[in-house]
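Q: Using the working numbering, you'd call the opening residue of the first sequence number 7 and step up by one each time.
Glycine included, every Cβ here is placed at the ideal spot set by N, Cα and C.
Submitted below is the structure of interest, expressed as structure tokens.
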Amino acid sequence: MPELPDVEGFRAVLDSCGRGHRVRRVEVRDAGVLRGVTARRLRQVVEGSRFGRPRRHGKLLVAPVGEGPALVWHFGMTGELVSAAAQDPLDRYDRIVLTLDGERQLRYRDQRKLQGVQLAEGPEAVERMLAGLGPDALGVARPDFLALLAGRRGAVKGVLMDQSAIAGLGNLLCDEILWRGRVVPARRARDLGEDEARRVFTAMRRVLDASRRAARVPPRRTWLTGHRDDPDPTCPRCGTALRSDRTSGRRTVWCPRCQH
DNA sequence: ATACCTCCCTGTGGGC
DNA sequence: TGCCCACAGGGAGGTA
């Protein structure tokens, strides 16, 4: 699930339910989601501390706890952060439950446990965790974006997917952006004309804006995403049968008529 | 720099 | 019905 818009939604949950509140109890129900930290250490640092203002970079959510340390979440394919009341029944995939003052709970729910949560002991550790990421897709300036594409030999979709190039775009967003920008995903990034690269940038902004409002890539019928799971998917713009293949190990859907 | 492979996890849906 | 495989909106690490 989680790409930039989803994580932005989790940030909002944390901001409205967690920020300024003290963590009374940390319950690690499945240590399989802990990355580089033990349940014991997590409890030590987090219990009794207050959540600060959360921030997001790409698909990472950084949640300061107390003075210095921070929880750094990566949601993988199936992770989510939900707010619940203490008496709400647990979901079988609730891996970590944080009980706040006032009995509100923040629950880290994740079926597949492909990623998880790290504990940064201080600001330097947070920076190290973000160090490998490119600029956030919501904040990257157009000239930088164009330069990025111009410098890469690989497929444009691969560049957009590469978190060290641009942070935050996942498989669905990339397909949606390239469909909207009318560029074939397999095109070499540096071979795009100026106008094509600009179209991709504009499409990225539009798609991200709308997705952020929905806290997901909305499966609208006017979008490519609303059709990719149909039995015989067709392009919502021109009605042509959509093509589908596998590039860099990920399913890729595009319109052979609209995209060049 | 890039393409490809395997692995990390769990569940689902299709084919036999 | 059971079994096995491919696949899924994530990424890391290794190889050529």
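#1: When the Cα atoms are used, what is the spatial distance from phenylalanine 207 to glutamate 14?
#2: What does a CB cutoff of less than 7 Å around aspartate 142 pick up in its chain, not counting 5 residues either side in sequence?
#3: Exposed or buried, arginine 158, counting other C-beta atoms within 10 Å across all chains shown (16 or more means buried)?
#4: List, from N- to C-terminal side, the beta strand (DSSP E) runs of 3 residues or more that fit wholly inside the region 105 to 163.
#5: Is it true that the region 99 to 116 meets the region 17 to 31, where meeting means three or more beta-carbon pairs spaced less than 8 Å apart?
#6: Buried or exposed, going by whether 16 or more other CB atoms sit within 10 Å of the CB of serine 250?
#7: Taking all protein chains shown into account, decide if threonine 228 is buried (16 or more other Cβ within 10 angstroms of its Cβ) or exposed.
#8: Less than 9 Å between the beta carbons of proline 191 and threonine 253, yes or no?
#9: Using the DSSP secondary-structure output, state which residues sit across from leucine 202 in a beta bridge.
#10: By DSSP, does aspartate 47 sit in helix, in strand, or in coil?
#11: Could you please give me the residues that DSSP links to glycine 85 through a beta bridge?
#12: Name the residue from Ser170, Ala126 and Arg98 whose alpha carbon lies nearest to the alpha carbon of valine 146.
#13: What ranges does the beta strand (DSSP E) occupy inside the region 190 to 263, keeping only unbroken runs of at least 3 residues that lie completely in it?
#14: Across which residues does DSSP place leucine 40 in a beta bridge pair?
#15: Any idea what DSSP makes of alanine 18, helix, strand or coil?
A: Judging by the given coordinates:
#1: Going by the C-alpha atoms only, they are around 20 Å apart.
#2: The residues are His63, Gly64, Ala173 and Gly174.
#3: By the neighbour-count rule (16 or more Cβ atoms within 10 Å), arginine 158 is buried.
#4: DSSP runs (the beta strand (DSSP E)) wholly in the region 105 to 163: 110 to 116 and 122 to 126.
#5: Segments in contact, yes.
#6: With fewer than 16 neighbouring CB atoms inside 10 Å of its own CB, serine 250 falls in the exposed class.
#7: Threonine 228 counts as exposed, since fewer than 16 other beta carbons sit within 10 angstroms of its beta carbon.
#8: The Cβ-Cβ distance between proline 191 and threonine 253 falls below 9 Å.
#9: Sequence inspection shows glutamate at residue 202; the leucine mentioned does not correspond to that position. According to DSSP, glutamate 202 bridges with nothing at all.
#10: With the sequence shown as reference, residue 47 is identified as arginine, and aspartate is not the correct amino acid for it. DSSP places arginine 47 in helix when its eight states are reduced to three.
#11: In the DSSP output, where bridge partners are listed per residue, glycine 85 has Asp116.
#12: Ranked by how close their Cα comes to the Cα of valine 146, the residues Ser170, Ala126 and Arg98 have Ser170 in first place.
#13: Listed in chain order, they are 249 to 253 and 256 to 260.
#14: Leucine 40 is bridged to Val123.
#15: In the structure shown, alanine 18 sits in a helix (DSSP, three-state: H, G or I).
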